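Undergrad: My questions will all concern the structure given below.
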Amino acid sequence: MAVSPIVRAPDVDELEEIWEWIESFDALVENGKPGLASRILQEIRNRALACGVQVPFTANTPYVNTIHVSQQPLLPGDQEIERKIKSLVRWNALAMVVRANREEHNIGGHISTYGSVATLFEVGFDHFFRARTAEYEGDTVYFQGHAAPGVYARAFVEGRLSAAKLENFRRELKKGGGLSSYPHPWLMPDFWEFPSVSMGLSPIMAIYQARFNRYLEDRGLKPKTDAKVWAFLGDGETDEPETLGAITLASREHLDNLIFVINCNLQRLDGPVRGNGSIVQELEAAFRGAGWNVIKVLWGSDWDPLFEKDVDGLLAKRLGEMVDGEYQKLIVESGAYIREHVFGGDPRLLKMVEDIPDEKLHALRQGGHDPKKVYAAYKAAVDHRGTPTVILARTIKGYGLGEAGEGRNVTHQQKKVDEDTLRHFGERFGLSFTEEQFAEVPFYRPPDDSPEIKYLRECRAKLGGYMPQRKVRSKPLELKDKSLFDEFHTGSEGRDVSTTMAFVGMLRKMLRDPEIGKLVVPIVPDEARTFGMESLFRLVGIYSSQGQLYEPVDMNTLLYYKECKDGQILEEGITEAGSMSSFIAAGSAYATHGINTIPFFIFYSMFGFQRVNDLIWAAADTRCRGFMLGGTAGRTTLAGEGLQHQDGNSHVLALPIPTLQAYDPAFAYEIAVIIEDGIDRMYRKGESIFYYITVMNEPYAMPPMPEGSRGGILKGLYRYKPAADSKSKLRAQLFGSGSILREVLKAQEILAEKYHVAADVWSVTSYKALYSDGIETERWNLLHPSDKPRVPYVTQCLADAPGVLVAATDYLKALPNLVGSWMPRRLASLGTDGFGRSESRESLRNFFEVDARFITLATLHELLREGKIQASVVQKAIKDLEIDVSKPNPFTS
Ligand SMILES: Cc1ncc(C[n+]2csc(CCOP(=O)(O)OP(=O)(O)O)c2C)c(N)n1
Ligand SMILES: [Mg+2]
Numbered sequence: 005m006a007v008s009p010i011v012r013a014p015d016v017d018e019l020e021e022i023w024e025w026i027e028s029f030d031a032l033v034e035n036g037k038p039g040l041a042s043r044i045l046q047e048i049r050n051r052a053l054a055c056g057v058q059v060p061f062t063a064n065t066p067y068v069n070t071i072h073v074s075q076q077p078l079l080p081g082d083q084e085i086e087r088k089i090k091s092l093v094r095w096n097a098l099a100m101v102v103r104a105n106r107e108e109h110n111i112g113g114h115i116s117t118y119g120s121v122a123t124l125f126e127v128g129f130d131h132f133f134r135a136r137t138a139e140y141e142g143d144t145v146y147f148q149g150h151a152a153p154g155v156y157a158r159a160f161v162e163g164r165l166s167a168a169k170l171e172n173f174r175r176e177l178k179k180g181g182g183l184s185s186y187p188h189p190w191l192m193p194d195f196w197e198f199p200s201v202s203m204g205l206s207p208i209m210a211i212y213q214a215r216f217n218r219y220l221e222d223r224g225l226k227p228k229t230d231a232k233v234w235a236f237l238g239d240g241e242t243d244e245p246e247t248l249g250a251i252t253l254a255s256r257e258h259l260d261n262l263i264f265v266i267n268c269n270l271q272r273l274d275g276p277v278r279g280n281g282s283i284v285q286e287l288e289a290a291f292r293g294a295g296w297n298v299i300k301v302l303w304g305s306d307w308d309p310l311f312e313k314d315v316d317g318l319l320a321k322r323l324g325e326m327v328d329g330e331y332q333k334l335i336v337e338s339g340a341y342i343r344e345h346v347f348g349g350d351p352r353l354l355k356m357v358e359d360i361p362d363e364k365l366h367a368l369r370q371g372g373h374d375p376k377k378v379y380a381a382y383k384a385a386v387d388h389r390g391t392p393t394v395i396l397a398r399t400i401k402g403y404g405l406g407e408a409g410e411g412r413n414v415t416h417q418q419k420k421v422d423e424d425t426l427r428h429f430g431e432r433f434g435l436s437f438t439e440e441q442f443a444e445v446p447f448y449r450p451p452d453d454s455p456e457i458k459y460l461r462e463c464r465a466k467l468g469g470y471m472p473q474r475k476v477r478s479k480p481l482e483l484k485d486k487s488l489f490d491e492f493h494t495g496s497e498g499r500d501v502s503t504t505m506a507f508v509g510m511l512r513k514m515l516r517d518p519e520i521g522k523l524v525v526p527i528v529p530d531e532a533r534t535f536g537m538e539s540l541f542r543l544v545g546i547y548s549s550q551g552q553l554y555e556p557v558d559m560n561t562l563l564y565y566k567e568c569k570d571g572q573i574l575e576e577g578i579t580e581a582g583s584m585s586s587f588i589a590a591g592s593a594y595a596t597h598g599i600n601t602i603p604f605f606i607f608y609s610m611f612g613f614q615r616v617n618d619l620i621w622a623a624a625d626t627r628c629r630g631f632m633l634g635g636t637a638g639r640t641t642l643a644g645e646g647l648q649h650q651d652g653n654s655h656v657l658a659l660p661i662p663t664l665q666a667y668d669p670a671f672a673y674e675i676a677v678i679i680e681d682g683i684d685r686m687y688r689k690g691e692s693i694f695y696y697i698t699v700m701n702e703p704y705a706m707p708p709m710p711e712g713s714r715g716g717i718l719k720g721l722y723r724y725k726p727a728a729d730s731k732s733k734l735r736a737q738l739f740g741s742g743s744i745l746r747e748v749l750k751a752q753e754i755l756a757e758k759y760h761v762a763a764d765v766w767s768v769t770s771y772k773a774l775y776s777d778g779i780e781t782e783r784w785n786l787l788h789p790s791d792k793p794r795v796p797y798v799t800q801c802l803a804d805a806p807g808v809l810v811a812a813t814d815y816l817k818a819l820p821n822l823v824g825s826w827m828p829r830r831l832a833s834l835g836t837d838g839f840g841r842s843e844s845r846e847s848l849r850n851f852f853e854v855d856a857r858f859i860t861l862a863t864l865h866e867l868l869r870e871g872k873i874q875a876s877v878v879q880k881a882i883k884d885l886e887i888d889v890s891k892p893n894p895f896t897s
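So this is what it looks like as C-alpha cells:
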C-alpha cells in the first residue's frame, strides 16, 4: 500500500480532522502526559513508515525559542545592577578600541562583535562560569577571540586590569606593558588559557578538551566533577571545517560537560553569513542530526506576548519564512518597515501588533540580548544530561552603535566612531557623562564601594574567583629512576630495527614505568599498526568511555583490539586535527588541571605540519608540552607511496614554531637521549616547549651510543664517525641526518676506498637547534660590539675540521643551508626538493640525488672547486658511479 503525501492544501473536512487529532494531542499534554504525547508521535511515525506513508524529514523546529516562556526559570540576582555592570563593560570595551585607534591610526580592534556577544558573556560571568580553585576544577571557557575587548573591559571593571593596560590595548611593547589583540596564553600567561582567534580551532579544541576531561576522570587521574567546557563561537566561524567536523564525537561520547554558544548575529566580516538562507536553522539541523541538544534563543521577552497570541502558529510560520538577508535589513529599517514587511502580508498578523507603536516594534529585542532568555538557556544547558548542548543565540552585530554600525555590512571593521555615536551609545546604556567626557571617551570604573563593584565582586566570589585566569598548578616531576632509557643506549646488537620500532620500545618502557607510566598519553590517528604499536592495545588498552560492548574479532589473539573505560591510548580515528586537539588538551593539563600528562602523538608525518600546522601553532601559543612524532618521515624512506605521503617538508614547516624543538634522529640512542632530556626540560624544569621527532620505518642495525655524544645530540650536531685516515691530503666533512645518515656513511667508505678522500661523518640531529643557536649568537654579538664575540655552536664544532663540506638530508636543501653561513667554508647541500615518485627507497634516493653516489660526487665536486682534484677525476667518477646526467631534474619534474 503506497500512499502519497498530501501536496495540495487540505479542504474543510480534512482541516476538521486535523484539528480533532491536534485536540486529542493537546488533551494529553494538558492532562500532564507530555511523555506519552511524545511517545505516541513516535509510534505513529513508525507506523506511517511501516505502512509506506512518506513522512517528510526535518531536523528543524519552528523559528521560535526552544524554551517556552512557561518553562523559563526566574533570573536570579539584581537585574538592574547587572545591566549597569554590562553597560560599563560595553563602554570600556568601546573606549579601549576607539582610544587605541585615536592614538595610533589603524591599530585595529573590534567593537561590533563584543557589542553582539556582551549579554552572552555577562550572564555567564554573573551566574555560570566557575573559576578554578584549590578544591574545584572549574569551568573552561573559550571566548570568541575578537570579542577580547569585552573580556579586558570586564577585568578592568573588576579591578584586575589597570586603565594604563587598557590604554595600551594592541600596544604590548609600550612601557608598563599592554594587552594582546586576542586571547594568547603565550603573551598573557596569567590571563588567557586558550587561544581562540583562528576561526574554527577553538570549537574543535573545546570538544577534545571536554573529552580529555572525561578521559582523566575515567583513568582515575582526577576526580569526577560537573565542570563544563564552554565555547563561544561566531556564526560565520561555523563555516570552518574544524568547527563542525568533530561534533559527532561530542555526542557519541555523551559529552554533557560541553556547551557551545553560537553568537548568531547573522553576519561575518564581509556581509551576511547566509543572506539567502537561515544560519540558525542550518546549524540546528546539523547539530540535531549529530545528536546534540539544541537550544534556540531567538526572541527576547518583548516577543512573549506576541507568541501568546499566536495560537494557530501564523507568526512562527512567518518568522520561519524570512531569510537572514531580510532579517539583517530589519535592523537598519524603521518600525513602519517592520510592520509592513513582517506582519503586513496577513491581517491577522497585523492585528497582533496593532497596539505596538513603530518605535517599540523596532526595539523588540533579539533573544541573545535578553538576560532572562540567555539565563534560561544556560541553565537548561548546564542541567542537561547525556549529550552536549549548543545554544544558538540571535544577536545584532554592532549592538549599541545605532545607525553608525548596527547590522551594517561594514560594522565588523569599525574602529572609529564619531561623537554623536558615542553619545547615542552612552545614552542607550544609561551612562551619564558630560559632553566633553563623551568626546574624550574615558575609561570609567565606579569606586570600589559602589553597589556595582560590590555586586560584581560578590558574584565572582560565589563562583570561585575571576575569569579568565591561567595558572600553572602542577608540581615538577622528579624522575627517581635515572636508568629508564639506558637499555636504548647500547644498540641493537646487529638486529635490524627501525627508529619507529625503537621509539615504540621506549614508549612501552615508559608506559610500564611506575613513576611516569600513568602520565603518558599515547595519541594516534588510526596508524598504530603502521607504526607497530598494536602490542600496546593489549598492554594499556584503548580508551573508550563505553568500555567494550562487543567481543573483538581478534579476541583470541595475543594482541587483540582491547577497548576499555580506563584505556590509556587515545585512538582518535582518522583525524589529525582531532588528535592535535587531544595533544593540546593533554599537553596543557599541567596548567588546566595541575596534572603532568605527557602526550606522545604519533602520526603519518606528511599529514602533520602539512595539514594541521595552525593547530600546532595554537599548541605553542597554549604553552603546550609533549612529544609529536612524525612517523614514516622523510621523502625517500617511505617506499612506494608517492607525493602525497612522502614527507620532505615537515622539518622546514616546523621551523617557524618558536617553542618547538625539532629533531631528525638516525639512531635509537639519539631518540632516547632526546626524549629523556625533553621530559626533564618540560616536566621537571617547567619549560613550555614541545618536541617534534621524526621516526622512520627503514630497518637497520642500531649502533651503541658513542662516548661523549650526549651534548651534541641535544645541541643538534656531533661527530659520529671520524675518518679512518686523518693524515690524508684530501679531506671532507659530511653531514647527514635521519636515515640519510647511512647513505653518508656509505659515501664515507666509497670516498676513502676509491678516491682517497678522508671524510668525517657528522650526525645532524637538529638543523633547527643549530639555526636557533646561530641566530641567537649573532644577535648577542650585534648588541655587544665591545665584548668578545660568541661563536655559534656549529662554528665551534667545525673549527678544526678540515676539508670540503657536504650535507645530505631527506628534506629540502633549505634545511642544511640554514646553517651554511656559520660554517667555516662553503656548504654544498643535497636534499629532496620536488614532488617525487612512487618508487623504492633506492630509486627515490637516486631520483632525488641524495644517495651515497651523489654524496660522493658532490664531495668530489667541492674538491674540484677548491682546486684539490682535476675535473677528469670527477668526470670519471660520474661514469664509475653510474650517474645518469640526463636524468630528470627532481625539483621540476
Ligand atoms: C581562520 C581565520 N580566518 C579569518 C579570520 C579573520 N576574521 C576575524 S573575525 C572574522 C569574521 C567573523 O565572523 P563571525 O564568526 O560571524 O563572528 P562575529 O564577529 O560576527 O561575531 C574573520 C573572517 C580569522 N580570525 N581566522
Ligand atoms: Mg557573526
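Take 5 as the starting number for the sequence shown in this note's numbering and just add one per residue. Glycine is no exception: its CB is placed at the ideal position from the N, C-alpha and C atoms. Values in this document were obtained by computation on a predicted structure and should not be read as measured data.
Any heavy atom of ligand 2 closer than 6 Å to the beta-carbon of N413?
TA: no
Undergrad: Apart from the five residues on each side of it in sequence, which residues of its chain come closer than 7 Å, Cβ to Cβ, to G348?
TA: L354
Undergrad: Going straight from the alpha carbon of K569 to that of E575, what length do you get?
TA: 13 Å
Undergrad: Straight-line CA distance for I342 to A320?
TA: Going from the Cα of I342 to the Cα of A320 covers about 15 Å.
Undergrad: Below 6 Å CB to CB, which residues in the same chain sit around T117 once its five sequence neighbours on both sides are set aside?
TA: Residues of the same chain with a CB within less than 6 Å of the CB of T117, apart from the 5 flanking positions on each side, are H150 and A151 in chain order.
Undergrad: In the DSSP output, which residue or residues are listed as bridge partners for Q737?
TA: D764 and L809
Undergrad: Taking only three categories from DSSP, how would you classify E580?
TA: Three-state DSSP puts E580 in a helix.
Undergrad: Suppose only complete runs of 3+ residues qualify. What are the beta strand (DSSP E) ranges in the region 782–863, listed by chain order?
TA: DSSP assignment within the region 782–863 yields the following whole beta strand (DSSP E) runs of 3 residues or more, N-terminal first: 808–812 and 831–834.
Undergrad: Run through the region 286–349 for me and flag every whole beta strand (DSSP E) of 3 or more residues, listed as ranges in chain order.
TA: 297–301
Undergrad: I'd like to check one pair, G871 with W826: are the Cβ atoms closer than 7 Å?
TA: Not closer than 7 Å, so no.
Undergrad: Do you know how far the Cα of P38 is from the Cα of I10?
TA: Any answer about I10 is weak, because its pLDDT of 44 lies below 50 and its placement is not dependable; what the coordinates show is given next. Each residue's Cα considered, the two are about 27 Å apart.
Undergrad: Verify whether the separation of the beta carbon atoms of E680 and F489 is less than 7 Å.
TA: yes
Undergrad: Can you list, in chain order, the stretches of the alpha helix (DSSP H) that have 4 or more residues and sit fully within the region 73–114?
TA: 83–107
Undergrad: Is R272 near ligand 1 - that is, is its Cβ less than 6 Å away from at least one heavy atom of it?
TA: Within the cutoff, so yes.
Undergrad: Given this structure, state the Cα-to-Cα distance separating E497 from P472, to the nearest angstrom.
TA: 54 Å
Undergrad: Classify F587: buried if its beta carbon has 16 or more other beta carbons within 10 angstroms, exposed otherwise.
TA: With 16 or more other Cβ atoms within 10 Å, it is buried.
Undergrad: Is L647 helix, strand or coil when you go by DSSP?
TA: coil
Undergrad: Rounded to a whole number of angstroms, what is the C-alpha to C-alpha distance between A589 and M686?
TA: 16 Å
Undergrad: Please report the straight-line C-alpha distance between G181 and C628, rounded to a whole angstrom.
TA: Cα to Cα, G181 sits roughly 24 Å from C628.
Undergrad: Roughly how many whole angstroms lie between the Cα atoms of Q148 and T438?
TA: 33 Å
Undergrad: Would you decide whether C706 is buried or exposed? Buried here means 16 or more other CB atoms lie within 10 Å of its CB.
TA: The sequence as given places Met at residue 706; Cys does not occur at that position. The residue in question, M706, is buried, as its Cβ has 16 or more Cβ neighbours within 10 Å.
Undergrad: What I want to know is whether the C-beta of T123 ends up closer than 6 Å to one or more non-hydrogen atoms of ligand 1.
TA: Because no heavy atom of ligand 1 lies under 6 Å away, the Cβ of T123 does not count as near it: no.
Undergrad: Please confirm whether P187 and T247 have their CB atoms less than 7 Å apart.
TA: no
Undergrad: Use the C-beta contact count for K689: other C-beta atoms within 10 angstroms, 16 or more gives buried, fewer gives exposed.
TA: exposed
Undergrad: Residues in its own chain within less than 8 Å of G521 by CB, not counting five upstream and five downstream?
TA: M514 and L515
Undergrad: Under 6 Å: does the beta carbon of N269 sit that close to some heavy atom of ligand 1?
TA: yes
Undergrad: Alpha carbon to alpha carbon, how far is K458 from L259?
TA: If you take the alpha carbons of K458 and L259, they lie about 36 Å apart.
Undergrad: In chain order, what residues of the same chain lie with their CB nearer than 8 Å to the CB of G406, ignoring the 5 residues before and after it?
TA: Excluding residues within five positions, the ones whose Cβ falls inside 8 Å are T425, H428, F429 and R432.
Undergrad: Does the contact criterion of 3 or more C-beta pairs under 8 Å hold for the region 551–560 versus the region 635–653?
TA: no
Undergrad: For V765, count neighbouring Cβ atoms within 10 angstroms of its own Cβ and tell me buried if that reaches 16, exposed if not.
TA: buried
Undergrad: For the candidate residues Y815, H493, G113 and W95, whose alpha-carbon lies nearest to that of R175?
TA: G113
Undergrad: For the candidate residues V656, E866, P726 and A727, whose alpha-carbon lies nearest to that of K772?
TA: Measuring C-alpha to C-alpha distances from K772 to each of V656, E866, P726 and A727 identifies V656 as the nearest.
Undergrad: Per the contact definition of three or more C-beta pairs closer than 8 Å, is the region 829–838 in contact with the region 808–816?
TA: yes
Undergrad: Could you check where the alpha helix (DSSP H) with V877 kicks off and where it finishes?
TA: A875 to D884
Undergrad: Hey, does A756 have any beta-carbon neighbour from chain C nearer than 7 Å?
TA: Given the protein chain composition of this structure (a single chain), no chain C is represented.
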